[in-house]
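Residue numbers for the sequence shown follow my numbering, so the first one is 518 and each next one is one higher. Scroll down for the structure; my scribbles are underneath it.
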Amino acid sequence: MCCAAEIPVLRAAIEPLMPAGQEPAFDLLAGKMTVPASISPDVVVAAIGKTGMKAEPWEAATATDRDRAAQAHRRRQAAMAALSAAATVAALALDQAPGLAAAARGAELVAVTIGLWMVLPKAAYALRALRPDMNLLMTIAVLCALIMGDWMEAASVSALFALSLSLEAWSTERARRGIAALLDLAPTQARVKRPHDTEEVLPPDMVAVGEICIVLAGERIPLDGRIVAGESLINQAPITGESLPVPKGPGGEVFAGTINTEGAIEIETLKPASDSTLSKVVRMVEAAQGRKSKVERWIDRFAAIYTPIVLAVAVAVAVLPPLLLGRGWQEGIFQALVLLVISCPCALVISTPLTVVAAMASAARAGILVKGGEHLEVASRLTAVAFDKTGTITLGRPEVETVVALDGSDGASVLAVAAALESRGTHPLGRAIVEHALTQGVDFAPAEAVQAMPGKGLRGQVAGRAAWLGSVRHLADQGGGVPPALASLARELAEGGRSVVAVGDERGPLGVIALSDPVRPQAGAALAALRRAGIAHQAMLTGDNAATARRVASSLSIDTVHAELLPDEKSQAIETLLDRFGTVAMVGDGINDAPAMARSSLGIAMGVAGSDTAIEAADVALMADDLGCLAWLVGHSRRMMRIIRQNIGFAIAVKAVFAVLAFADLATLWGAIAADTGAALLVALNGLRMLRGPASAPRPMT
């Protein structure tokens, strides 16, 4: 595929073969169409062949073979365009020389033959399918010009259309190269440590999980892993967008594609190459290209009716004036041909997909993974943002401040039960409790039969007893009510801005643990940047206690606070915000946020710290735990929409101007196609500006 206009043709040819309710997926830049494996590849190839295009199964060729085939196709197109242009120029020169008219006709015939050879198979399919497209329109224009005896116009149209096809292929390849440069970050080899201090260099996909890789200063890290020896500064910008290298030492996790900037390190691989964070980014960007935004779908619908309408108007222009007004047939037909040429929808159809894909690719390079163009479109319209607190507004690295035991218990016992329940958990409060217990030398064994109670806490078996932990609000769920002393203590701690975890077992409450979680250093600046971007309303939705939530919200000037929420209550709060503000984003990082993300207009997960469930539920993943990315995303998406509107407006304006010129007898066929070709090229180049990201917006902050 060299042009977005070919996608509707392919879709129409393949959809009859598809199972009910399914449709093919297209990746324009990769030149790839995906269909269910149940359909025979031979049947698909045959159906595509009827359209005048060629195809082969994707896995039948290597990436190198595909690149070579694409380059050979582009070279053929460029050579044919150059030969057609040379023949047209020669014909123009020969026309001026006396006695060389026959030679001029021969040169014009060469130009026309080349042009028709490039489009006739596709034009024939369009005619059979009754789906007029640019190939059919160009063929009609050239043949009519020949019939009218205007060989030079026919040659000029043929040469310029051949040139337009070549330029379109070039612009698509330019986008392909630009996006490949953004995403092709994976190193091609890994240095694997072997016995007796030897090394073996292998492709990353041949390195097993658990093997030790050596990464020298200046090299890219080949696989996701954990540092087991050495210290360094790791440039994580290719994955997270962070502008400054991050210090890492033994135990620190590193990502494939990031750069070791200082000394040598040894890493234990944690994931195969196919499952690395970088591979996930690339796969999701590729998958996102198949998800069309609303404006892309609108363009497709518009192009589907635009070309037939213009074709009907052209027929009317050619026939009605001579019949009704007595004008010459040649004049009417010529005006109709100009309309046919200028009606090609290429500039319109290509105006949006390249822009959207370039925007998603540059966002991925900045550490923002967007799962489809429609989500960027929504980001450009945001009017309100809701935030989870723990791990989103705050660092998500709380520390235990106080352990208070009730009568009949002691602090070590309270910590032991809590740490046993949280030992295999991932919640930030739970990790802080486990780390504190280890620091205090408290002995505990992991609890058995641990069950999560979303929005409430955990329960399980500790030392043969049923035990639980969670918020004081849900203490009554365990039976026995809330002792007044415990309620008073919890209230006092919460009013001081601390998160309070109640701990107990089948004998009753054992005590409470008070934790505090500092606000992210960049949160204030990030939220202020959102306000400057026009996101005036900001809300906090949290399961934490109201006093802590109000204290954090007040320090950041957050407009509304909804505290002590269960997951379904967060969704209800989002519903309220949607009713008031229309387009609302939900930013979170935990499993409790997934329902609210799914209900919001735009779900945004803090990618690195976020749970897999939250990332899957989200529409956008911030690969760095950086709220500063939000204003960047809004600016980036709005710039994308501005460029799309510029492209659509420019393409329509060019067509309108030449339609007026045609009716005023001031347009030529070659001028019309030159304008249409130029418009298609300019909108493609304008869209590719998105590869650079917003000029006025900062890179994501660290």
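Ideal Cβ placement from N, Cα and C applies to all residues, glycine included.
- Taking the C-alpha atoms as reference points, what is the distance between Gln1055 and Leu680? 52 Å
- Can you give me the start and stop residues for the alpha helix (DSSP H) that Pro870 sits inside? Pro870 to Arg882
- Task: Tell me whether Ser1005 is buried or exposed, calling it buried when 16 or more other Cβ atoms sit within 10 Å of its Cβ.
- Result: Ser1005 sits exposed, since fewer than 16 C-beta atoms from the chains shown fall within 10 Å of its C-beta.
- Task: Note the first and the last residue of the continuous beta strand (DSSP E) segment covering Asn752.
- Result: Ser749 to Asn752
- Is the distance from the Cβ of Thr1100 to the Cβ of Ser1118 below 7 Å? yes
- Message: Distance check for Ala896 and Pro825, CA to CA, integer angstroms please.
- Response: 34 Å
- For Leu621, which residues of its own chain have a beta-carbon under 7 Å away from its beta-carbon, when the five flanking residues on both sides are left out? According to the sequence shown, residue 621 is Ala rather than Leu. Here the set comprises Ala608, Leu611 and Asp612.
- Message: Quick check: the Cα distance between Glu532 and Thr689, rounded to an integer number of angstroms?
- Response: If I take the Cα positions, the gap works out to 25 Å.
- Could you tell me the boundaries of the beta strand (DSSP E) in which Thr919 lies? For Thr919, the enclosing beta strand (DSSP E) starts and ends at Glu916 to Ala922.
- Buried or exposed for Met1158, please, with buried defined as at least 16 other CB atoms from any protein chain shown within 10 angstroms of its CB. buried
- Any chance you could list the beta strand (DSSP E) runs of at least 3 consecutive residues sitting entirely within the segment 976-1061, in chain order? 982-987, 1016-1022, 1025-1033 and 1054-1058
- Task: Give me whichever residues DSSP pairs with Phe543 in a beta bridge.
- Result: For Phe543, the beta-bridge partners assigned by DSSP are Met550.
- Item | Phe772 versus Leu886 - alpha carbon distance | 15 Å
- Query: Among all the DSSP beta bridges, which residues are the ones paired with Arg711?
  - Reply: According to DSSP, which records beta bridges pairwise, Arg711 is partnered with Thr715.
- Task: Just tell me which of Ala754, Asp1136 and Met1140 has its CA closest to the CA of Met1123.
- Result: Met1140
- Buried or exposed: where does Val560 fall if 16 or more other Cβ atoms within 10 Å of its Cβ makes it buried? exposed
- Message: At a cut-off of 6 Å, would you count Arg1068 as near the ligand HEM, judging by its Cβ distance to the nearest heavy atom?
- Response: Judged by which ligands are present, the structure shown has none, so any question about the ligand HEM falls away.
- Query: Counting Cβ pairs, one atom from each stretch, are 3 or more of them under 8 Å apart for the segment 872-881 and the segment 1061-1076?
  - Reply: no
- Task: Could you tell me the distance, in whole angstroms, from the CA atom of Gly947 to the CA atom of Arg914?
- Result: 10 Å
- Quick one: measure Cβ to Cβ for Gly727 and Thr786, integer angstroms, because I've assumed they're closer than 8 Å. Right, their Cβ atoms sit about 6 Å apart.
- Task: Would you check if the segment 1032-1040 and the segment 902-922 touch, i.e. whether three or more CB-CB distances between them fall below 8 Å?
- Result: Taking 8 Å as the limit for Cβ pairs, the verdict is that the segment 1032-1040 does touch the segment 902-922.
- Query: Between the beta-carbon of Ala509 and the beta-carbon of Val979, is there less than 7 Å?
  - Reply: Any answer about residue 509 is impossible in this case: the structure gives the chain only from 518 up to 1219.
- Message: Under DSSP, the alpha helix (DSSP H) around Phe961 begins and ends at which residues?
- Response: Unbroken run through Phe961: none, as it is neither H nor E.
- Could you check the C-alpha separation between Ala480 and Asp544 for me, to the nearest Å? Because the chain in this structure spans residues 518 to 1219, residue 480 falls outside the shown range and cannot be described.
- Same chain, Cβ closer than 8 Å to Cys1016, five either side skipped, listed in chain order: Just to set this straight, residue 1016 is Ser in the shown sequence, not Cys. Same-chain partners within the cutoff: Thr907, Pro915, Leu946, Ala1031, Leu1032, Ser1033, Asp1034, Asp1061, Asn1062 and Thr1065.
- Query: Mind checking whether Val866 and Ala820 have CB atoms under 7 Å apart?
  - Reply: yes
- By how many angstroms is the C-alpha of Ala628 removed from the C-alpha of Cys661? 15 Å
- Query: Whole alpha helix (DSSP H) runs in the segment 901-956 with 4 or more residues, listed along the chain?
  - Reply: 928-939 and 945-956
- Query: Considering Ile556, what are the terminal residues of the beta strand (DSSP E) in which it resides?
  - Reply: Element bounds for Ile556: n/a, residue is neither H nor E.
- Message: Please list the terminal residues of the continuous beta strand (DSSP E) segment that includes Met1123.
- Response: Counted as a single uninterrupted DSSP element, the beta strand (DSSP E) harbouring Met1123 occupies residues Leu1119 to Met1123.
- Message: Going by DSSP in three states, Val1221 sits in which element: helix, strand or coil?
- Response: The first residue shown for the chain is 518 and the last is 1219, placing residue 1221 beyond what the model contains.
- Task: Inspect the CB distances between the segment 1140-1152 and the segment 1042-1053 and report whether three or more fall short of 8 Å.
- Result: yes
- Ser860 vs Val827 beta-carbon contact at 7 Å: Yes, the Cβ-Cβ distance between Ser860 and Val827 is below 7 Å.
- Measure the beta-carbon distance from Gly504 to Pro649 and round it to whole angstroms, keeping in mind my assumption that it falls under 8 Å. Past the edges of the chain, shown from 518 to 1219, lies residue 504, and the structure says nothing about it.
- Item | Segment limits, alpha helix (DSSP H) that includes Thr656 | Met651 to Ile664
- Query: Between Gly881 and Val799, what straight-line distance do the alpha-carbon atoms span, to the nearest angstrom?
  - Reply: The sequence shown places Ala at residue 881, not Gly. Between Ala881 and Val799, the C-alpha separation is close to 9 Å.
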